[in-house]
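Chains as they are written, first to last, in our numbering: chain A, 1 to 114; chain B, 115 to 227.
Reading through the structure tokens given below for one structure.
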């Protein structure tokens, strides 16, 4: 039973560039959430996707966008990268409507913006 | 506002018990979670507690919830060096009919041999 997978594991970009991060949810899960974890901080909620739609969004600018595919996998896109976007980006999956709605996290993608 | 607070550091000796504390603000939170993060890794779900419970035990882990004070704690019995990690408390808050997860800043646990 595959857990949550993310790619790539590491990424280096320069300011102003665009980046796409990918996530495959745990088998049987249909909901994907994305988080940004800056160094020394807890994860901050970016947005959540279910049924290929953005269901909820945290306090992140429109430069952060996403997509969910029919197979439940998801992408996070960040445009016009800033130095402050350097962080570990975590994807979490869950099963919508489950009473505990427990989220399982992937290993993350570490993005460095130079 | 939404805020989850934790102390930043905790150091214990191997074999002792560790207690990590957390306070949260959203009274609508129905579930509270503890996650563990080892260096360079994602978050591993350790345990969770439903808001109508005041205690949950799972092997070496005991979660205590004081809903009146919005205080959550995680006790690790017989702490081992492999327990050294960052521990995050998280609350699940209801926002516009859906759920939103709010994490604390994490407590770094160091276990001394």
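Where a beta carbon is used, it is the ideal one built from N, C-alpha and C, also for glycine.
Which same chain residues end up closer than 6 angstroms to residue i when comparing Cβ atoms and leaving out the 5 residues on each side of it in sequence?
i: residue 204 (chain B); result: 147, 215, 217
i: residue 52 (chain A); result: 68
i: residue 136 (chain B); result: 120, 186, 203, 218
i: residue 10 (chain A); result: 110
i: residue 60 (chain A); result: 46
i: residue 162 (chain B); result: 145, 147
With a threshold of 16 other CB atoms inside 10 Å of the CB of residue i, please say whether the residue is buried or exposed.
i: residue 12 (chain A); result: exposed
i: residue 62 (chain A); result: exposed
i: residue 2 (chain A); result: exposed
i: residue 43 (chain A); result: buried
i: residue 25 (chain A); result: buried
i: residue 18 (chain A); result: exposed
i: residue 29 (chain A); result: buried
i: residue 21 (chain A); result: buried
i: residue 38 (chain A); result: exposed
i: residue 66 (chain A); result: buried
i: residue 171 (chain B); result: exposed
Given that residue i touches chain B, what residues does it touch there, using C-beta distances under 9 angstroms?
i: residue 102 (chain A); result: 145, 147, 159, 162
Would you mind telling me which residues of chain A sit closer than 7 angstroms to residue i, beta carbon to beta carbon, in chain order?
i: residue 219 (chain B); result: 41, 42
i: residue 209 (chain B); result: 56
i: residue 214 (chain B); result: 45, 56
i: residue 156 (chain B); result: 90, 105, 106, 107, 108
Do residue j and residue i have their beta-carbon atoms positioned less than 8 angstroms apart in this structure?
i: residue 143 (chain B); j: residue 165 (chain B); result: yes
i: residue 81 (chain A); j: residue 16 (chain A); result: yes
i: residue 131 (chain B); j: residue 195 (chain B); result: no
i: residue 139 (chain B); j: residue 184 (chain B); result: yes
i: residue 76 (chain A); j: residue 34 (chain A); result: yes
i: residue 223 (chain B); j: residue 157 (chain B); result: no
i: residue 190 (chain B); j: residue 151 (chain B); result: no
i: residue 14 (chain A); j: residue 111 (chain A); result: no
i: residue 74 (chain A); j: residue 23 (chain A); result: yes
i: residue 4 (chain A); j: residue 104 (chain A); result: yes
i: residue 208 (chain B); j: residue 134 (chain B); result: no
i: residue 106 (chain A); j: residue 6 (chain A); result: yes
Given residue i, which residues of its chain have a CB within under 7 angstroms of its CB, disregarding the five upstream and five downstream residues?
i: residue 159 (chain B); result: 147, 149
i: residue 227 (chain B); result: 128, 195
Return the chain-ordered list of same chain residues with a C-beta closer than 8 angstroms to the C-beta of residue i, the five sequence neighbours on each side being excluded.
i: residue 168 (chain B); result: 178, 179, 180, 181
Cβ closer than 8 angstroms: which chain A residues qualify as neighbours of residue i?
i: residue 202 (chain B); result: 42, 43
Q. Using 8 angstroms as the threshold, is the stretch 87-101 of chain A in touch with the stretch 31-48 of chain A, meaning 3 or more CB pairs across them?
A. The stretch 87-101 of chain A, when compared against the stretch 31-48 of chain A, does touch it at the 8 angstroms Cβ threshold.
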